[in-house]
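Read the structure below first, then the notes.
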Amino acid sequence: MVKVSSPQIAAFTHAARERSFSKAAKVLGITQSAVTQHVARLEREMGTQLFLRTRGGLELTKPALELFALSDRMRTAEQLIAEKIAAYGTLSAGHLDVVANAPRPALPLIRSYCRRFPDVKLTFTLASWTLAMDKLRRREIDIAVITEPDLTDDLVAVELARVRYMAYMRADHPLAGRPEISLRELETEPLVLPEAGSLTRRIVGECLAAHGLQLRRMIEMTTFPVVKEAILHGIGVGILLEESFYPSGQLVMRPIRELSESYRTCLVAAADRSELRTVREFIDLAEEAPSAE
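When the letters of the sequence shown are read in order and numbered with the UniProt record's numbering, they come out as residues 1 to 293.
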């Protein structure tokens, strides 16, 4: 019978989570050499390669993906057991990876979390709806703050807010004085929209098609900060979820007549990870203050 050690599984699992041997070493508190040796022994036991080295980091082979689906759950269970044995009081260490498809309401929650637990190392990434859901399904992140998530039985969710789509523009834009705007009025405007794969692009596209409209000038931006800067620079009007940005006197939001439906923004985590202390505290914060400031 093949003997696989717990350190080998831990090294493999964290290398797969982080897509990096060096980052896995930092999480585990061992050297990078030790991580690569553990993974190499595991590869010899399995008789197959587990990782491909690329410029973007480690890429998992098919056997690695199959193993990670099991080992990540096992490693999560080990972490839960260790936490309970330690009878933890306050978080004085730990790592938390958060992804969101908009800066808010994720950032106000992150601010509160970092103030309460300053020693936890937190990584925050903005991603499209498609990429955020993909990272969640592949267990690459701990928490996703995402609008209208595709929920399954192995995920838990906390609703943070219900928001609708709004037109964002500079305060001196000719349409800024209108109480409400129609899509037809925006048809000829330069429209600043997030990248393909975003929920916004899908919803706006479906609404335009339903009303027989077609954008004449669309400007695609890859991140929310760039979208905001483009609007502030007068490049065009943005269509984004309500309260996506920190309030600014230079920006105004106006309702869009045809986009009156509201959408749920939720905090989502893998069910088994939701009881990890770092994740649980973030969820508790969201439940205490569901509305972003």
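Just so it is clear, CB atoms sit at the ideal spot from N, CA and C, and this is done for glycine as well.
Model, not experiment: these values are computed from the prediction.
Since residue i is in the beta strand (DSSP E), which residue starts that stretch and which ends it?
i, result
"P255", "251-255"
"T147", "143-147"
"D97", "95-100"
"R264", "262-270"
"L52", "51-54"
"F124", "121-126"
Going by CA-CA distance only, name the one from the options that's closest to residue i.
i, options, result
"F224", "G238, K135, G212, T61", "G238"
"R257", "E281, S182, E148", "S182"
"A93", "F117, L240, H14, A34", "F117"
"D154", "A77, R216, R273", "R273"
"V145", "V98, S33, G236", "V98"
"R138", "E18, R280, E261", "E18"
"A102", "F51, L199, Q32", "L199"
"V163", "A176, P174, T147", "T147"
Since residue i and residue j are thought to touch, with beta carbons under 8 Å apart, how far apart are those beta carbons, to the nearest angstrom?
i, j, result
"M166", "L240", "7 Å"
"R201", "L193", "6 Å"
"R104", "Y263", "Not quite, the Cβ-Cβ distance comes to about 14 Å (not below 8 Å), so this is no contact."
"A10", "R75", "6 Å"
"S128", "G197", "4 Å"
"Q8", "H38", "5 Å"
So, is the C-beta of residue i closer than 8 Å to a C-beta in chain C?
i, result
"N101", "No chain C is present in this structure, which holds just one protein chain."
In whole angstroms, what is the alpha-carbon distance linking residue i and residue j?
i, j, result
"T61", "F68", "10 Å"
"residue 300", "L58", "Residue 300 cannot be examined here, being either before or after the span of the chain that is shown, 1 to 293."
"C207", "D172", "27 Å"
"D134", "E220", "21 Å"
"K84", "V156", "21 Å"
"V4", "L65", "17 Å"
Could you spell out where the alpha helix (DSSP H) holding residue i opens and where it closes?
i, result
"E43", "32-46"
"K23", "21-28"
"F282", "277-288"
### Query
Residue ranges of each alpha helix (DSSP H) run of no fewer than 4 residues wholly in the stretch 201-237, ordered along the chain?
224-232
### Complete runs of the beta strand (DSSP E) confined to the stretch 150-211 [at least 3 residues]
155-170, 191-194
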